[in-house]
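All remarks here apply to the structure that follows.
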Amino acid sequence: MPYKVSNEKLTLREQAYLPEMIRGLGVTARHFLRNLFTRRDPAPEILDREGPCQITTVQYPEEKVEYPPGYRGLHRLVPREDGSPRCVACYMCATVCPAQCIYIEAGEYPADDPSAPNRVIERYPTKFVIDELRCIVCGFCVEACPKDAIRMDTGLHAVSSEERRAFMLEREALLRGPAVEHPSDPWRKREDSSAPEHGEKEAHRRISPRKNGG
Amino acid sequence: MPDDTKPRQPPEPQPRSVPPRPRVKLTIDDREVEVDAGTNLLEAARAIGVQIPHYCYHPRLSITASCRMCLVEASNSPKPVPACQMPATECLVVQTRSALVKEAQRATLEFLLLNHPVDCAVCDQAGECKLQDYYQEHDAQPSRLAGPKIQKEKRRVLGPLVTLDQERCILCTRCVRFMCEVAGEPQLGVFGRGSHEAIDTFPDKPLDSNYAGNTVDLCPVGALTNSDFRFTARAFFLTATPSVCTGCARGCSVWLDHFNGETYRYRPRENVAVNGPWMCDVGRLSYKPLVHDRALEVKIGRAGEGRTAEGREAARFAIEKLKPLAGSERLAFVASPTASVEDLLATFRLASEGLKLKRVFVSGRAADKGDRLLLREDRNPNRLGLDWVAQAFGLKVEPFERLVEEIDAERVKGVLAVGEDVPTDPKLVASLLLNLDPVIVLATNLGPVAGMGHVLLPSCPCSEDDGTFVNFEGHAQRFVAAYRTRGQSRPHWTWAATLLEELGVEVGWRSARDVFAELAPRVAQLAGFDWASAPGYLTHPRGLRTLPAAADARHGIHRERS
Ligand code: SF4
Ligand code: SF4
Ligand code: FES
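Chains as they are written, first to last, in our numbering: chain Z, 1 to 214; chain Y, 1001 to 1562.
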């Protein structure tokens, strides 16, 4: 839409120039003094900030804007509730990774040790190393994982160190964050990998008719 | 012993030999095919390249037709019939792709997968599993099971080499039939009834047959797994290279499965003349020395006081020490029948022409118990080859005991050994070698004997170079390099060439093939053997076929496990 240019004549005061300029300086000085003498709300979300102070700067890295959900940060290996990794060392992430920066070695929980973390899924990663310097943060590994065992939801994206070695994240460093369990997880259905006692041997009788017509 | 005048080249795999039968003509998928009467429809279809999906059928086992995956429509039956059990008859019309057959295949798979735990992420078979393949091809629909799945034992240790996941089993009974019919040790059975049926061993009788490992190969799904290979590598990463088992004098044809320059397992490779499609467990585990305790550094000086060196320098040092003894009875040339024909040709040339020796003492692994099927008492893969090569170079073959006697009698002063395997206690041999000087050892693996070498030249085994083994029946078999040599290790023939050059003899060998081309004509028995066309030799030029890690370079035979 075109502007409507007002061709009003300037008043005398405006024509004198100086008073208007002083008025403008006053506005600047008002902002300056307010921001100088009032406390800045450090909330990282600018729109949420309260108080008279109007500075919109985010003082990174002391203050950080929260990442949107789905943002890909540093990896983590998701733990189960007992603290063992959900990962079963299936190598899907290592296979799909275009940067080839995931290294896995698989092992087997001993069959006869009841204190071994989880005896329904015997396989687990004895070694799980991600070279974060080589990672291109594509997130393919998260997509490929069939067990929801690797996530990039740590919200960390600018980890720094003076040595390259510090970026070779080992299993112990990766295994962190809140535990995740799903109803479909096999260890919720049985105690260990031995055959469970079947109350009723006949399979067709164990399928109870579903209530409410399914 | 067989006649050892000519090497016999194993013929290409052929279906089970049957007495001549009348031929019949039938039509499969609108194409006419002529086969022997009585051939089953599955094989008849295969003859014209029509693949019928199947689980329980195996050409070497009896037919049970229990999986029903091979259902086809045949003109002599109102209902679909299992192709594996149906004999071909004259004028039969067979449909393998009709709507009825497709529906039958889909329904069969749905039933087979009904209680399957779908734990492909954990399963060793993923990547070579017929359930995965056929699901993609014939079913591809989500499960419609409403109730919980039947749970069975997921980790049943059946024996020293086999672990069973009963949940994944589709009860095709290939394993049971194999143990009864081929291994002759019926150690497996089907127990239970209905959906609770499961494969198991008999109480207190483990699956400890020497052929138990074959059941793992036979199992079309991930139920039977190899406890040794279990969880070490994903099958889809492995590349298979045709090789020969070095476990005994039989020399079974095998696939050497490797990844990133490391061998992970042996699997039998069909070779009718030698091993059929099987191999024994002793051989299956004989890949281990290819990986563990390898000699990878050239060493001058005995273990403990030695230093690493460059190959050329060590060779010069060795020749300096050997030269004064050249042509004398006081220098003993020891060769192991675990080395390939090419290695022996080159080292025997070094011994006979370079060092003017007249005798060869044969070391190698000690004999052990054999069995009636494949495993031989002689645990060396190339004894006959060694005899042939020794004959060609006019070297007198002497047993190892003779060497021990001569060392005891102080008639031997120095030793040049090709291979570190000895038929007696290696520590004992090491103590005998202690007083000798020089001891020059070409060794693939570290150990007491290799440690005794004043010069240790590390050699590579059959996984890292091309070569030939001659089995006890005189079958010459080629093996192919799977990956590059490790560390400073080189084939025996390379060291022989370096030593010969230090002696002032020029040799122009650049590969095992050159060695064979130059020296094999001296061996009368190898006259008919064509190095390049031997079975298992994939026609590739010099060097390795380098492949990206994830490439599926497996041979067609591997994918179609019949
Ligand atoms: S984010 Fe991409 S590059 Fe990084 S580890 Fe995962 S798959 Fe590899
Ligand atoms: S264990 Fe394997 S070979 Fe044996 S019956 Fe089950 S599926 Fe067949
Ligand atoms: S029924 Fe024919 S292959 Fe199983």
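Ideal Cβ positions, reconstructed from N, Cα and C, are used throughout, including at glycine.
Legend entry - Between the CA atoms of Z:Val137 and Z:Asn7 - distance to the nearest angstrom: 57 Å
Inset, instruction - Ignore the nearest five residues each way along the sequence and tell me which others in Z:Glu81's own chain have a CB closer than 7 Å to its CB. - result: Ala179, Glu181
Legend entry - Span of the beta strand (DSSP E) around Z:Asn35: Taken as a continuous stretch (DSSP letters only), Z:Asn35 belongs to no beta strand (DSSP E), being part of the alpha helix (DSSP H) at 18-37.
Legend entry - Beta-carbon spacing of Z:Leu169, Z:Glu132 below 8 Å: yes
Legend entry - chain Z contact for Y:Asp1141 (CB, 8 Å cutoff): A small correction: the amino acid at residue 1141 of chain Y is Gln; Asp does not occupy that position in the sequence shown. No, no contact with chain Z.
Inset, instruction - Helix, strand or coil for Y:Gln1477, going by three-state DSSP, please let me know. - result: If DSSP states are grouped into helix, strand and coil, Y:Gln1477 belongs with the strands.
Inset, instruction - With distances taken Cα to Cα, identify the nearest neighbour of Y:Asn1435 among Y:Val1412, Y:Leu1456, Y:Asp1036. - result: Y:Val1412
Inset, instruction - Report yes if the C-beta distance between Y:Arg1359 and Y:Phe1393 is below 8 Å; otherwise report no. - result: no
Legend entry - Burial state of Z:Thr120 (16 or more Cβ within 10 Å): Per the sequence shown, the amino acid found at residue 120 of chain Z is Val instead of Thr. Per the 10 Å Cβ criterion, buried.
Legend entry - Chain-order list of residues whose beta-carbon lies under 6 Å from that of Y:Arg1168 (same chain, five-residue window excluded): Once the five neighbours on either side are set aside, the close Cβ partners of Y:Arg1168 are Val1221, Gly1222, Ala1223.
Legend entry - Same chain, Cβ closer than 7 Å to Z:Leu77, five either side skipped, listed in chain order: Pro85, Cys87, Phe128, Ala149, Ile150, Arg171, Leu174, Leu175
Legend entry - Residue-chain proximity (Z:Val58, chain Y), Cβ-Cβ < 8 Å: No, because no Cβ of chain Y sits closer than 8 Å to the Cβ of Z:Val58.
Legend entry - Beta carbon shell of ligand 3 at less than 7 Å from a heavy atom: Y:Leu1042, Y:His1054, Y:Tyr1055, Y:Cys1056, Y:Tyr1057, Y:Ala1065, Y:Ser1066, Y:Cys1067, Y:Arg1068, Y:Met1069, Y:Cys1070, Y:Pro1082, Y:Ala1083, Y:Cys1084, Y:Gln1085, Y:Cys1172
Legend entry - Per-residue burial, Z:Thr11 [other beta carbons within 10 Å of its own, 16 or more giving buried]: Its Cβ having fewer than 16 others within 10 Å, Z:Thr11 is exposed.
Legend entry - Rounded separation between Y:Val1035 and Y:Asp1228 - CA only: 42 Å
Legend entry - Simplified DSSP state of Y:Leu1026, which is helix, strand or coil: strand
Legend entry - Exposure label - Z:Tyr17; buried when at least 16 CB within 10 Å: exposed
Legend entry - DSSP state of Y:Thr1215 mapped onto helix, strand, coil: helix
Legend entry - Proximity winner among Y:Gly1213, Y:Leu1345, Y:Leu1238, Y:Glu1305, relative to Y:Arg1280 (alpha-carbon distances): It should be pointed out that residue 1280 of chain Y corresponds to Cys in this sequence rather than to Arg. Comparing Cα-Cα distances from Y:Cys1280 to each of Y:Gly1213, Y:Leu1345, Y:Leu1238, Y:Glu1305, the minimum goes to Y:Gly1213.
Inset, instruction - Determine the extent of the beta strand (DSSP E) in which Z:Asp131 is found, giving its start and end residues. - result: Its beta strand (DSSP E) spans residues 123-131.
Inset, instruction - Name the residue from Y:Val1389, Y:Glu1377, Y:Ala1366 whose alpha carbon lies nearest to the alpha carbon of Y:Glu1401. - result: Y:Ala1366
Legend entry - Where Z:Gln54 falls: helix, strand or coil (DSSP): coil
Inset, instruction - Examine chain Y for any beta-carbon lying closer than 8 Å to the beta-carbon of Z:Ala195, and answer yes or no. - result: yes
Inset, instruction - Indicate the three-state DSSP secondary structure (helix, strand or coil) for Y:His1258 in the structure shown. - result: strand
Inset, instruction - Could you have a look at Y:Arg1174 and say whether DSSP puts it in helix, strand or coil? - result: helix
Inset, instruction - Could you tell me whether the Cβ of Y:Val1157 comes closer than 8 Å to any Cβ of chain Z? - result: By this cut-off, Y:Val1157 is an interface position.
Legend entry - For Y:His1540, three-class secondary structure by DSSP: The pLDDT assigned to Y:His1540 is 45, lower than 50, so where the model puts this residue is not dependable, and the model offers no usable value.
Legend entry - Buried or exposed (CB count within 10 angstroms, at least 16 for buried), Z:Tyr91: Answer is buried; the Cβ neighbour count reaches 16.
Legend entry - Minimum Cβ-Cβ distance from Z:Cys90 to chain Y less than 8 Å: So, interface residue.
Inset, instruction - Spell out the partners DSSP gives Y:Gln1095 in its beta bridges. - result: Y:Glu1073
Inset, instruction - Could you please tell me which residues of the stretch 1263-1276 of chain Y, in chain order, have their CB closer than 8 Å to any CB of chain Z? - result: none
Inset, instruction - Answer with yes or no whether the minimum CB distance from Z:Glu217 to chain Y is below 8 Å. - result: Only positions 1 to 214 of chain Z appear in this structure, which leaves residue 217 of chain Z out of reach.
Inset, instruction - Look at the Cβ atom of Y:Thr1232, then the Cβ atom of Z:Ala99, and state whether they are nearer than 8 Å. - result: no
Legend entry - Y:Glu1032, enclosing beta strand (DSSP E) - first and last residue: Its beta strand (DSSP E) spans residues 1031-1036.
Legend entry - Y:Tyr1266 - containing beta strand (DSSP E), residue span: 1263-1268
Inset, instruction - Go ahead and pull the three-state DSSP assignment for Y:Gly1276. - result: strand
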